[in-house]
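Colleague:
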Amino acid sequence: MRSWHLSLALFWIAACWIGTSIFLLPTIAGKEVRGQSRLINLLFVTILVLVVGTVLGTWAGPMGLMGRSWSLFGHQGLGIRGIRPHVQGLLLAVLVLWAVIMYRGCRPAFRRKPGLCPIGSFTQSCVTLLLLSGFVAGPRTNFVIADFWRWAVIHMWVEAFFEVFTTIVVGYLLVRMGLVGQRAAVRVVYLAALLFLGSGLLGISHNFYWNAKPVATMALGSVFSTLQVVPLVLLTLEAWRFSRMSRIGSARHRSNGGNALAFAHAEVFLFLIAVNFGISWGRRLRPDDRSAHRELL
């Protein structure tokens, strides 16, 4: 049951990211790319087969219903991403197909000035490439080595690449709403990439208590982990400054005898602030190894 819950939660979150990126692609390119719908339908079917196969394999493997083929289609007993190589291959196919859809949708934007779309496509490609390290471990691999690679993939996804992806999506929405300038959003995304991707394993070393790393290493990792909320804070402050300018203009308009000008995107803006607030408060409340997974959800 625990493996089901963890795997399905991971697939659900990944499906949300995939759906968000596909939803934004037409607005980025300015049009729907021809033939994109077929790839999207194929991606949906592949994800469906992946989820059903994972649920059945996780149950049938430990029950002894798969014979010797349990090592190919069953369960590895590693919790998150504990699926076997053949099912992992299907997950890799999902990510590759997602990368193709992202590239096709972002390709018209590559000819313009540097923006958020190329960075988003690069980040998604890194998510796909990182999964390849999950194929290092086999049935006879030492448990410590196998569990390290499983752990590294999940945490680099949660605390590195998907955090950059979050900043890109929030920044793009703020740009489309007119709350933040394109250059400001790109600078913040570059800062996020520097903090998340530049720090590498050091950025997630605050979790290294389980493999007996020195306290100094965990302390340094905690510094990088705390700095990870800075890009979203900067985006929020920039957008908040814009909204205050709108309110100041409305107050001046009322003082001159005119009608008040309402901030058109107030509710959406509050939800975007809540994204940053949830991440910042989650780290302050419980700065443990579970905080990153809670933030991603």
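Under my numbering, the residue at position 109 of the sequence shown is numbered 725, and the numbers go up by one with no gaps. C-beta atoms are modelled at their ideal positions from N, C-alpha and C, and glycine is treated no differently. Here the structure is a predicted model, which is why all the values come from computation and not from measurement.
In its own chain, which residues sit with a C-beta less than 7 Å from the C-beta of A725, not counting the 5 before and 5 after it?
Modeller: Here residue 725 is taken as the residue at index 109 of the sequence shown, counted from 1. Hits under 7 Å: I644, A645, G731 and C733.
Colleague: For L836, which residues in the same chain have their Cβ closer than 8 Å to its Cβ, ignoring the five residues on either side in sequence?
Modeller: Counting from one through the sequence shown, the residue named residue 836 turns up at place 220. Once the five neighbours on either side are set aside, the close Cβ partners of L836 are L818 and S821.
Colleague: Quick check on DSSP: helix, strand or coil for T951?
Modeller: The structure shown does not extend to residue 951, since the chain is modelled only from 617 to 913, so the question has no answer here.
Colleague: When you compare each of W714, T783 and S653 to L810 by their alpha carbons, which one comes out closest?
Modeller: Looking up residue 810 in the sequence shown gives position 194. Closest by alpha carbon: T783.
Colleague: Rounded to whole angstroms, what is the Cα-Cα separation between A828 and F812?
Modeller: As a position in the sequence shown, residue 828 is number 212, starting the count at 1. As a position in the sequence shown, residue 812 is number 196, starting the count at 1. If you take the alpha carbons of A828 and F812, they lie about 23 Å apart.
Colleague: Helix, strand or coil, according to DSSP, for N758 in the structure here?
Modeller: On the sequence shown, residue 758 is found 142 positions in, with the first residue counted as 1. Looking at N758 - three-state DSSP - the assignment turns out to be coil, as it is neither helix nor strand.
Colleague: Using 8 Å as the threshold, is the C-beta distance between G750 and Q704 below it?
Modeller: Numbered from its first residue, the sequence shown carries residue 750 at position 134. Numbered from its first residue, the sequence shown carries residue 704 at position 88. Going by C-beta atoms, G750 is nearer than 8 Å to Q704.
Colleague: Note down, in chain order, each residue of its chain lying with its Cβ closer than 6 Å to the Cβ of F858, except the 5 sequence neighbours on either side.
Modeller: Taking the sequence shown and counting its residues from 1, one reaches residue 858 at position 242. Answer for F858: L795, listed in chain order.
Colleague: Give the straight-line distance between the Cα atoms of V743 and A808, rounded to the nearest whole angstrom.
Modeller: What you label residue 743 is simply residue 127 of the sequence shown in a count that begins at 1. What you label residue 808 is simply residue 192 of the sequence shown in a count that begins at 1. Distance between the alpha carbons of V743 and A808: 16 Å.
Colleague: Measure the C-alpha to C-alpha separation of F781 and V831 and round it to an integer number of angstroms.
Modeller: If you number the sequence shown from 1, residue 781 lands on position 165. If you number the sequence shown from 1, residue 831 lands on position 215. One C-alpha to the other measures close to 30 Å.
Colleague: Any heavy atom of the ligand ADP within a distance shorter than 7 Å of the CB on I717?
Modeller: Annotation note on the ligand ADP: not contained in the displayed structure, which lists no ligands.
Colleague: May I have the straight-line CA-CA distance separating I663 from V804, to the nearest angstrom?
Modeller: Taking the sequence shown and counting its residues from 1, one reaches residue 663 at position 47. Taking the sequence shown and counting its residues from 1, one reaches residue 804 at position 188. Our two residues, I663 and V804, have alpha carbons roughly 32 Å apart in a direct line.
Colleague: Tell me the DSSP secondary structure of Q704 in three-state form.
Modeller: To locate residue 704, count along the sequence shown from 1; it is residue 88. Note: Q704 maps to helix in three-state DSSP.
Colleague: DSSP three-state call for Q844: helix, strand or coil?
Modeller: For the purposes of this step, residue 844 is taken as the residue at position 228 of the sequence shown. Three-state result, Q844: coil.
Colleague: From this set, L851, W773, G736 and W628, which residue's C-alpha is nearest M793's C-alpha?
Modeller: Residue numbering aside, residue 793 sits at position 177 when the sequence shown is read from its first letter. For M793, the closest of L851, W773, G736 and W628 by C-alpha to C-alpha distance is L851.
Colleague: Are the stretch 711-722 and the stretch 648-662 touching by the rule of at least three beta carbon pairs closer than 8 Å?
Modeller: Contact between the stretch 711-722 and the stretch 648-662 is present, because at least three Cβ pairs lie under 8 Å.
Colleague: Should Q740 and M718 be called a contact, given that it needs their Cβ atoms to be closer than 8 Å?
Modeller: Taking the first residue of the sequence shown as position 1, residue 740 is located at position 124. Taking the first residue of the sequence shown as position 1, residue 718 is located at position 102. If you check the CB distance, Q740 and M718 come in under 8 Å.
Colleague: Where does the unbroken alpha helix (DSSP H) through A809 begin, and where does it stop?
Modeller: To locate residue 809, count along the sequence shown from 1; it is residue 193. Per DSSP, the continuous alpha helix (DSSP H) segment holding A809 begins and ends at Q798 to S815.
Colleague: Shortest alpha-carbon distance to L848 belongs to which of S838, S737 and Y806?
Modeller: As a working note, residue 848 is residue 232 in the sequence shown. When each option's Cα is compared against that of L848, the closest is Y806.
Colleague: Please look up how many angstroms separate the CB atoms of V667 and F627, rounded, as I've assumed it's under 8 Å.
Modeller: Within the sequence shown, residue 667 is the residue found at index 51, counting from 1. Within the sequence shown, residue 627 is the residue found at index 11, counting from 1. About 5 Å separates the two Cβ atoms, so the contact holds.
Colleague: Would you kindly report the start and end of the unbroken alpha helix (DSSP H) that includes V668?
Modeller: Looking up residue 668 in the sequence shown gives position 52. Per DSSP, V668 is one residue of the alpha helix (DSSP H) stretching across Q652 to A676.
Colleague: Starting from the C-beta of V634, find all residues in its chain whose C-beta is less than 6 Å away, skip the five residues before and the five after it, and write them out in chain order.
Modeller: The residue given as residue 634 occupies position 18 in the sequence shown. Residue identity check: residue 634 is Ile in the sequence provided, not Val. W714.
Colleague: Measure the beta-carbon distance from G721 to V649 and round it to whole angstroms, keeping in mind my assumption that it falls under 8 Å.
Modeller: Taking the sequence shown and counting its residues from 1, one reaches residue 721 at position 105. Taking the sequence shown and counting its residues from 1, one reaches residue 649 at position 33. Rounded, the Cβ-Cβ distance is 6 Å, consistent with contact.
Colleague: I need the DSSP call for R618, collapsed to helix, strand or coil.
Modeller: For the purposes of this step, residue 618 is identified with residue 2 of the sequence shown, where counting begins at 1. DSSP places R618 in helix when its eight states are reduced to three.
Colleague: According to the neighbour-count rule (16 or more other Cβ atoms, all chains shown, within 10 Å of its Cβ), is I735 buried or exposed?
Modeller: On the sequence shown, residue 735 is found 119 positions in, with the first residue counted as 1. Answer is buried; the Cβ neighbour count reaches 16.
Colleague: Could you give the DSSP three-state label for V649: helix, strand or coil?
Modeller: As a working note, residue 649 is residue 33 in the sequence shown. The answer is coil: DSSP assigns V649 none of H, G, I, E or B.
Colleague: Confirm, please, whether the CB-CB distance from L745 to V769 is below 8 Å.
Modeller: In the sequence shown, counting from the first residue as 1, residue 769 sits at position 153. In the sequence shown, counting from the first residue as 1, residue 745 sits at position 129. Contact: no.
Colleague: Any idea if L640 is buried or exposed, counting beta-carbon neighbours within 10 angstroms, 16 or more meaning buried?
Modeller: Here residue 640 refers to the residue found at position 24 of the sequence shown. Answer is buried; the Cβ neighbour count reaches 16.
Colleague: Could you give the DSSP three-state label for M718: helix, strand or coil?
Modeller: Against the sequence shown, residue 718 aligns to sequence position 102. Three-state DSSP puts M718 in a helix.
Colleague: Might you give, ordered along the chain, the residues of its own chain that have their beta carbon closer than 7 Å to the beta carbon of S815, omitting 5 neighbours on each side?
Modeller: Along the sequence shown, read from residue 1 onward, the residue named residue 815 stands at position 199. So the list reads F840, once near-sequence residues are dropped.
Colleague: Measure the Cβ-Cβ separation of E854 and A800 and say whether it is below 8 Å.
Modeller: Taking the first residue of the sequence shown as 1, we reach residue 854 at position 238. Taking the first residue of the sequence shown as 1, we reach residue 800 at position 184. Going by C-beta atoms, E854 is nearer than 8 Å to A800.
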